[in-house]
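Enquirer: Here the protein sequences line up with chains H and F, keeping their order.
Residue numbering for the first sequence follows this note's numbering, beginning at 4 and increasing consecutively.
Residue numbering for the second sequence follows this note's numbering, beginning at 1083 and increasing consecutively.
No residue lacks a Cβ here, since even glycine has one placed at the ideal position from N, Cα and C.
Because the structure is a prediction, the values reported are computed rather than measured.
Before I ask anything, let me first share the structure, which is written out below as C-alpha cells.
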Amino acid sequence: MNGMQKGVLSVAMLVLGFLGNAGCAIGAQDEAFKTLEPETCFPLQSSKLSVQLSAGWKDYLPSVRVCPLRREPDTDATVYVVSIFVKDYYRDKPALAPWEDFPKPLVVNDKGETVGKLEELYPSEDVGKMILTFGHWRGHLPGEIRMHIRHPGVAGDYDLPTLIWNAEKKRYDKKGEDQKR
Amino acid sequence: MSNKDPVKKLKEAADEAYKLYPNSCSHSAWYVIKQYIPDQAYSPANVLLPHLAHNSRWKRVVVNELEKYVNEGVLIVGGLADPKGNGHVVVVYPGKAKMSGGYGASIDGETQQARPRGPFARVMSTSISRNWPGTMSNGDKTVWDPWGSDKKFSKVTFYRLVSSDGK
Chain H
4 MNGMQKGVLS
14 VAMLVLGFLG
24 NAGCAIGAQD
34 EAFKTLEPET
44 CFPLQSSKLS
54 VQLSAGWKDY
64 LPSVRVCPLR
74 REPDTDATVY
84 VVSIFVKDYY
94 RDKPALAPWE
104 DFPKPLVVND
114 KGETVGKLEE
124 LYPSEDVGKM
134 ILTFGHWRGH
144 LPGEIRMHIR
154 HPGVAGDYDL
164 PTLIWNAEKK
174 RYDKKGEDQK
184 R
Chain F
1083 MSNKDPVKKL
1093 KEAADEAYKL
1103 YPNSCSHSAW
1113 YVIKQYIPDQ
1123 AYSPANVLLP
1133 HLAHNSRWKR
1143 VVVNELEKYV
1153 NEGVLIVGGL
1163 ADPKGNGHVV
1173 VVYPGKAKMS
1183 GGYGASIDGE
1193 TQQARPRGPF
1203 ARVMSTSISR
1213 NWPGTMSNGD
1223 KTVWDPWGSD
1233 KKFSKVTFYR
1243 LVSSDGK
C-alpha cells in the first residue's frame, strides 16, 4: 500500500467512524430509557385524564395515581401508568390489615383508553419495589416498558415480562406474546 | 425414633435441623430427610428438587393439602429451584395453619409491611440470608413466608414421602 492509498483509507475510516458514531448517537437517543419516579405520579381524582375503570377499582380510587411516561420532563406524555399506591391505601389501616386482591395497573393513552396492563402494582406491592423503565421511543411514545422487581425474599429480584408497543394493534403486548398468536 | 408418634418425630427432626443448620436450607432439609431415609445423600436445593420430582418415593402435594398431611406426621419437602442461583428448600412443619406475613422489613431503606395473605401450613426454613424475616422459621412462619411473593410462591412445589405401604 503506497502513501496515497494509505491516506485515502485513513480518510475513509475516519468518515465511516464518524458515520458510525453519528448513527449510534441517534440510536442511543431513541433507545434512551427513563426510570419512572413515584414522585412524578399524581392522584387520579385531581387528574384531567378520564380513565374507564372497572368496578373492582371503586374502593381504591383515593389511592389511585397516574404516572406519565414522559420522554423529557417538559414534554407531554402520550401514555400513563394508572396504579393503586398501596402504601397510601394502608396508611390509616391497622398493621395487620390483610392484603387485598387489588386490580392490576393499567397503561392508558392520553384519551384514557387502556393500551396495556402490568402484572404487579407500581411502585410496590406490600413487599418489594418495582423499578419501571421505558424507552425505545416512537416520537413521544415509549416502544418498550421494562419492569424489574427488587425483592428481599429467598428467590431475590426478578423481572416481569417486558411490554412492547404493537403499532398495528395500538397496544402493549408482552414481549414474545404476539409472535405466539 | 421409629416407635415415636409420627408428628412428634417430624417436629423433633425439624427442630434439630433448625438448630444444627441455621445457615443452609439444603443441609437442614437433608438432616430431616435422613431421619426417614438414612442413606439419603446430601444435595443442594437445585439438585434435590428435581430428585424429589422424579423419585417414586415422593409424591407431589398441593398447597391446600399440606396441613392435613403434615399433621398426620407425613414428611413434606418443598422448594423452588433457581437456575441463576441456589434455589431454596424447606420442610413443612406440624401444627395448625397460620396467617402469612404480619412483620416488617426494610428494603432500600424503606420499611415495608408483609400483609397477611391467608392461612398457610407452617414451615421449617433456614438460610444464610437474613435480609428477609420470612426466611427463618422453626414453625413460627408459613410456607409462603420465605418467598414473600405470590408470583414466586405460585412456582414452589411440595412433595410428600410415600409411606412403606405405598400411600
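Please report how far the alpha carbon of Y1124(F) lies from the alpha carbon of H154(H), in whole angstroms.
Expert: Reading the second sequence from its first residue, position 42 is the one you call residue 1124(F). Reading the first sequence from its first residue, position 151 is the one you call residue 154(H). Going by the C-alpha atoms only, they are around 29 Å apart.
Enquirer: DSSP three-state label for E42(H), please.
Expert: Position 39 of the first sequence, counted from the start, is the residue given in the question as residue 42(H). Helix.
Enquirer: Please tell me whether S1209(F) has its Cβ less than 8 Å away from any Cβ of chain H.
Expert: Translated into the one-based positions of the second sequence, residue 1209(F) becomes position 127. Yes, S1209(F) lies at the interface with chain H (some Cβ there is under 8 Å from its Cβ).
Enquirer: In this structure, what does DSSP give as the bridge partners for L168(H)?
Expert: As a first step, residue 168(H) must be located in the first sequence, where it is residue number 165. First, the amino acid is wrong: residue 168(H) is Trp here, not Leu. In DSSP, W168(H) forms a bridge with Y175(H).
Enquirer: If I'm right that V1156(F) touches L1243(F) with Cβ under 8 Å, what's the distance once you round it to whole angstroms?
Expert: Residue mapping note: residue 1156(F) aligns to position 74 of the second sequence, counting from 1. Residue mapping note: residue 1243(F) aligns to position 161 of the second sequence, counting from 1. Correct: roughly 7 Å between the Cβ atoms.
Enquirer: Give a yes or no on contact between the stretch 124–136 of chain H and the stretch 1138–1151 of chain F, applying the rule of three or more CB pairs nearer than 8 Å.
Expert: Result no; under three Cβ-Cβ pairs closer than 8 Å.
Enquirer: Go to N1128(F), then tell me how far its alpha helix (DSSP H) extends in each direction, as first and last residue.
Expert: As a working note, residue 1128(F) is residue 46 in the second sequence. A1127 to H1136 is the span of the alpha helix (DSSP H), which, as asked, contains N1128(F).
Enquirer: If you compare alpha carbons, which of V130(H), D129(H), G179(H) and D160(H) is closest to E147(H)?
Expert: Within the first sequence, numbered from 1, the residue matching residue 147(H) stands at position 144. When each option's Cα is compared against that of E147(H), the closest is G179(H).
Enquirer: Check K107(H) in the structure and name its three-state DSSP category.
Expert: Taking the first residue of the first sequence as position 1, residue 107(H) is located at position 104. Coil, per DSSP.
Enquirer: Grouping DSSP H, G and I as helix and E and B as strand, with all else coil, what is D62(H)?
Expert: Start at 1 with the first residue of the first sequence, and residue 62(H) comes out as number 59. Three-state DSSP puts D62(H) in a helix.
Enquirer: By how many angstroms is the C-alpha of S127(H) removed from the C-alpha of S1188(F)?
Expert: Indexing the second sequence from 1 puts residue 1188(F) at position 106. Indexing the first sequence from 1 puts residue 127(H) at position 124. S1188(F) and S127(H): Cα-Cα distance of roughly 13 Å.
Enquirer: Pick out whichever of R1197(F), H1133(F) and K1237(F) has its Cα sitting closest to the Cα of K1180(F).
Expert: Position 98 of the second sequence, counted from the start, is the residue given in the question as residue 1180(F). Among R1197(F), H1133(F) and K1237(F), the Cα nearest to that of K1180(F) belongs to R1197(F).
Enquirer: Please list the residues of the stretch 97–120 of chain H that have a C-beta atom closer than 7 Å to any C-beta atom in chain A, keeping them in chain order.
Expert: Here chain A cannot be found, since the structure's protein chains are H and F.
Enquirer: For the stretch 121–154 of chain H, which residues have a beta carbon sitting closer than 9 Å to at least one beta carbon of chain F?
Expert: Within the stretch 121–154 of chain H, the residues whose Cβ lies closer than 9 Å to some Cβ of chain F are E122, E123, S127, E128, D129, V130, G131, K132, I152, R153 and H154, listed in chain order.
Enquirer: Taking CB distances under 8 Å as the criterion, tell me whether G159(H) reaches chain F.
Expert: Taking the first residue of the first sequence as position 1, residue 159(H) is located at position 156. It does: the Cβ of G159(H) has a partner Cβ on chain F nearer than 8 Å.
Enquirer: Could you tell me whether any Cβ in chain H is nearer than 8 Å to the Cβ of I1189(F)?
Expert: Translated into positions along the second sequence, residue 1189(F) becomes position 107. Answer yes: the Cβ-Cβ gap between I1189(F) and chain H drops below 8 Å somewhere.
Enquirer: Looking only at its chain, what residues have a beta carbon closer than 6 Å to the beta carbon of Q1117(F), apart from the 5 residues adjacent to it on each side?
Expert: Taking the second sequence and counting its residues from 1, one reaches residue 1117(F) at position 35. A1095.
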